[in-house]
Amino acid sequence: MAEILLSLVVVIPLAASVILFLSAGRLSGFLIGAIACGAISLSAIFSAILAGLLHSQLSPSLHVFFWEWMRTADFSTGIGFTLDPLSLVMILIVTWVGLLIHLYATRYMAGDPGLARFFGCMTLFVASMLLLVLSSDLLCMFIGWEGVGLCSYLLIGFWYTEPANLAAARKAFIITRVGDAAMLCGLLLLATEASSLQVDTLLQTVTAAKISQSALTFSTLLILVGTLAKSAQLPFQSWLPDAMAGPTPTSALIHAATMVTAGIYLIARLHVLFTATPLVLTIMAVVGTLTLFLAACNALVQSDLKRILAWSTVSQLGYMFLALGTGLWQVALFHLMTHAFFKALLFLCAGAIITRVHHEQDIFRMGGLFRTMPGIALAFLAGATSLAGFPLLTAGFYSKELILSSVWNASFFLAPDLILSGHVFWVVALAGAFLTSLYISRCFLLVFMGKAKTHESGQTPLLMAIPLGCLSFLALFGGMMEMPDALAHVHLFTEMVDPAHALPSADEPLWLLLVGGGIPVLGALLAWIFWGQRNPVLHETSDEPAPPQTSQPVPILAACLLPLFRIPSWLGRYDFPARLSKGVSILINGMNTFALQFRACIFMNVSHQTLMTLRQGNLLMAYTQNGRVRWYAAWIAGGLCASLALAGLT
Amino acid sequence: MTVFSLNETLLLAVLLFVVGLAGILVRRNLLFMLMSLDIMLNAAALVFVAAGAKWHDASGQVMFLMILALAAVETAVGLAVILRLHASGRPTLDADSGNLLRG
Amino acid sequence: MHILALTSACISILGAFMVITRRVAVHAVLYLVVTLLALACVLALLGAPFAAALEVIIYAGAIMVLFVFVIMMLNLGKPDRDRETEWLRPRAWVGPAALASILGMELLFGLRTLSGTGITFQITPREVGLSLFGPYVLMVELASFLLLTGLVTAFHIGRHWPGEH
């Protein structure tokens, strides 16, 4: 029973995608939406039933073995599924959030000529992700891993008549491919060392220390590179913001449920391997910390609504990598879950807003939308506060607080006698949280408050509103199942995911909690001072000239939203920022000059040299690729000569 | 019937192979390149048959058959490409000028 | 060594050399046929009569006819012959010939170590057929796929498209 259900969870979306791809325009739009949503909802219901079954059963996991894929003398691999609490959480997120996004998309994409292709790709996307999550064998998982990459390519380039979209799709595909190559190398290295890629046997082999430490470090490092590319971390971050070229439901799916979470999941799945290699964990934490800070800085200066959200995803994924780097994968998984809720919500809200204001994405050309679309504004507010981590009320607070406290207590291994304290990372993560709150509040204030600058029209249909409502609920209350010890002793999530190893309950000082909760509020206050007042302190200009201003009433509700918000307006009455700014501006000018000089001296030089070297190398390589068959044949013959000579001489 | 030893057959195959390789590298005409390719394939097939005869295994001749099928397909497709190039107004069958990915 | 074996081996190498040095395509095809016939002799002497027959029927028969057809359709003339002469200057020969001879030397150097015992067995078509449709049946299917693909490709590429000069 459970075995059949488990295979059906994957097979049904796959079947739906096959049907949709083969329909070739013969199905009506309603039928296409019904097939896609029906398949995903069946899958979601089955995964809920499986959750119940797994909960009632005594055994902690469920294994299904389908068939043997290949077998050689010292390596064998098979196709099989494993359902344990970790994969259960993931399939619940993927199917339920995916279902809400699909429901939304049936209305959002209605009337598009490529509707069948769109939903075919979307269901295939979900099916690949489920395969990735459920596979009990890493080679089988790699199929899902590649399938996810393929579907993201197809969906980002969905409107393929626009060259920019195709460029974005290619970029995403190629960058993740770089990581996939590294990942495959890592898997093959593991396979040769452990003679199996079955996750359970692999973990046992590592626990019994049958693999040499250097090989293990090297293979985990390669796998880490693969996950970094998939999850858009620091060297590979640039594909994710460009992936906005696809339809908005696709962005929501990529950012919330599928694709970018795959990297986090894989590391959580293989956490035994990674804890055996502390150096890789440290690298992971450093990359995550840098990414979360830099991506937050990037999000602060964007003017495109979807791009802000994309950079915030990169930043939040950085938090997850930081949490994984501490070795507490449950914490990362918890943040993954809450992130899936609020990021899907934010993207779907953004899609609804952009549709209503005639495909305008620049936040400086929106404004005052709170009056015309209060429902969406409240949903966006729920998502935004959750992303910022407003204390007590939102899901993001609990998960981010958990990450911060685990980072505070963690220590990172560098060398045998050099241990890095987690406090450094904690400070950067806290700064990142401050910036997160600042940029998302800026986004909210500029889009929904202030003067109206666009003419919006239409209504948000019910089918789009229902997913928003559900996700708002989850984004607000989805985090209540795990609370800091100081508030209440609730640890439902970590106990469910890993009953054997409860989180170490450190007696952390209360001020940590207060700081973690206070920082987002501080960020929001600063955002209010900068952008929220009637005459904003910071006047940012977008590229286009602003439309003629019209007199609008003061946003009353915004002023009364929180009593705390009155303080900045009171400060503003005394012209405090202006007086402050004189001193600050001198300081900033000095720093600016210094930075410019520094950049001119070092960075320009370095980048110029790199460019020249690369160009020379490129010319050299291009010379060998001249398209002449005879030339290639000569290279082959020359290589053969050389290798034969080598074999003959040795 | 000890007319050929394995070593002598291999010698013959090597010589044929090298002549074919030289043909591919020297000639610019696609037609001659195809013929040289056929010579090389024959050399490879000869090695298979000789090895099969040496160890008394029919697999060698099975491989010969496979190479035959491969050669037939390769020649058919190659000649079709040549005809196509000629039909699209290319005056010579110069392999070196075919590097622009244009018909 | 048998005088017949020596003759056929020499003829095949000589024929192959002539193939790659001819200027007129039809001459090269004729020399290639000679080479293939000589190779068929070698195969027969190696104790593989089935392979020898196939070499004559399919290679020297069918594939060469293809070449002849294509050369007929290409309508080559004196300008082509002159161009071949121009392309076959010693300058073009030196490099490739050196490369090929190095490879040949190395292969021969590697052959030194093999034993020189004679070949005594003869493999009948019956044995070939049994192993072809026994353990290698999947390979036969794959070869049929390959042939089908080649057929479709050749048909598609060689098609005359309307609106073409």
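Protein chains in written order, with my numbering: chain A, 553 to 1202; chain B, 420 to 522; chain C, 260 to 424. All C-beta atoms in this analysis are idealised placements derived from N, C-alpha and C, irrespective of residue type, glycine included.
Under 8 Å between C-beta atoms of residue i and residue j
| i | j | result |
| --- | --- | --- |
| B:Arg503 | C:Ile416 | yes |
| A:Arg1182 | B:Ala495 | no |
| A:Thr759 | A:Leu966 | no |
| A:Thr841 | A:Gly870 | yes |
| A:Gly1200 | C:Phe368 | yes |
| C:Ala264 | C:Leu304 | yes |
| A:Ile860 | A:Ala940 | no |
| A:Ser864 | A:Thr744 | no |
| C:Val301 | B:Leu465 | yes |
| A:Leu885 | A:Leu638 | yes |
Within-8 Å CB hit, residue i to chain B
| i | result |
| --- | --- |
| C:Met331 | no |
| A:Ala1189 | yes |
| C:Ala299 | no |
| C:Gly363 | yes |
| A:Arg534 | Residue 534 of chain A lies beyond the residue range present for chain A, which begins at 553 and ends at 1202; the question has no answer from this structure. |
| C:Gly261 | Per the sequence shown, residue 261 of chain C should be read as His rather than Gly. At least one chain B Cβ lies under 8 Å of C:His261. |
For residue i, three-class secondary structure by DSSP
| i | result |
| --- | --- |
| A:Gln789 | coil |
| A:Asp856 | strand |
| A:Leu972 | strand |
| A:Asn1178 | coil |
| C:Gln381 | coil |
| A:Asp914 | strand |
| A:Asp1050 | coil |
| A:Gln750 | strand |
| A:Ile763 | coil |
| C:Arg282 | coil |
| A:Gly632 | strand |
| A:Phe573 | helix |
| A:Ala967 | strand |
| B:Arg447 | coil |
Chain A contact for residue i (CB, 8 Å cutoff)
| i | result |
| --- | --- |
| C:Pro308 | no |
| B:Asn486 | Note that residue 486 of chain B is Ile in the sequence shown here, rather than Asn. No, B:Ile486 does not count as interfacial toward chain A. |
| C:Pro355 | yes |
| B:Ile458 | no |
| B:Ile501 | no |
| C:Leu397 | no |
CA-to-CA distance, residue j to residue i, given in whole angstroms
| i | j | result |
| --- | --- | --- |
| C:Phe328 | A:Ala721 | 47 Å |
| A:Ala554 | A:Leu605 | 8 Å |
| A:Ile1081 | A:Phe671 | 44 Å |
| A:Thr629 | A:Trp621 | 6 Å |
| A:Leu1196 | C:Glu365 | 7 Å |
| A:Pro787 | A:Asp626 | 36 Å |
| A:Ala904 | C:Val396 | 59 Å |
| B:Ser455 | C:Leu335 | 19 Å |
| A:His654 | A:Ile592 | 8 Å |
| A:Gly632 | A:Trp619 | 7 Å |
| A:Phe916 | A:Leu998 | 7 Å |
| A:Ala603 | A:Ala662 | 33 Å |
| A:Gln789 | A:Thr658 | 30 Å |
| A:Lys952 | A:Ser1009 | 37 Å |
| A:His1043 | A:Ile727 | 38 Å |
Within-8 Å CB hit, residue i to chain C
| i | result |
| --- | --- |
| B:Leu449 | no |
| A:Ala1186 | yes |
| A:Pro1100 | Below a pLDDT of 50, predicted positions are generally treated as unreliable, and A:Pro1100, at 38, falls in that range; no measurement from the model is reported. |
| B:Leu435 | yes |
| A:Ala862 | no |
| B:Ala514 | no |
| A:Gly604 | no |
| B:Val496 | yes |
heavy atom of the ligand MG below 7 Å from residue i C-beta
| i | result |
| --- | --- |
| A:Leu566 | The model on display carries no ligand, and the ligand MG is accordingly not part of it. |
Min CB distance residue i to chain D below 8 Å
| i | result |
| --- | --- |
| C:Gly369 | No chain D appears in this structure, whose protein chains are A, B and C. |
Is there contact here, the stretch 1015-1033 of chain A with the stretch 885-900 of chain A, by at least three beta-carbon pairs under 8 Å?
-> yes
Taking 8 Å as the threshold, find out whether the stretch 433-441 of chain B comes into contact with the stretch 386-393 of chain C through three or more Cβ pairs.
-> no
Indicate whether the contact test is met: 3 or more Cβ pairs, each with one atom in the stretch 711-729 of chain A and one in the stretch 680-690 of chain A, closer than 8 Å.
-> no
May I ask you to verify whether the stretch 776-783 of chain A touches the stretch 732-741 of chain A, counting CB pairs closer than 8 Å and requiring at least 3?
-> yes
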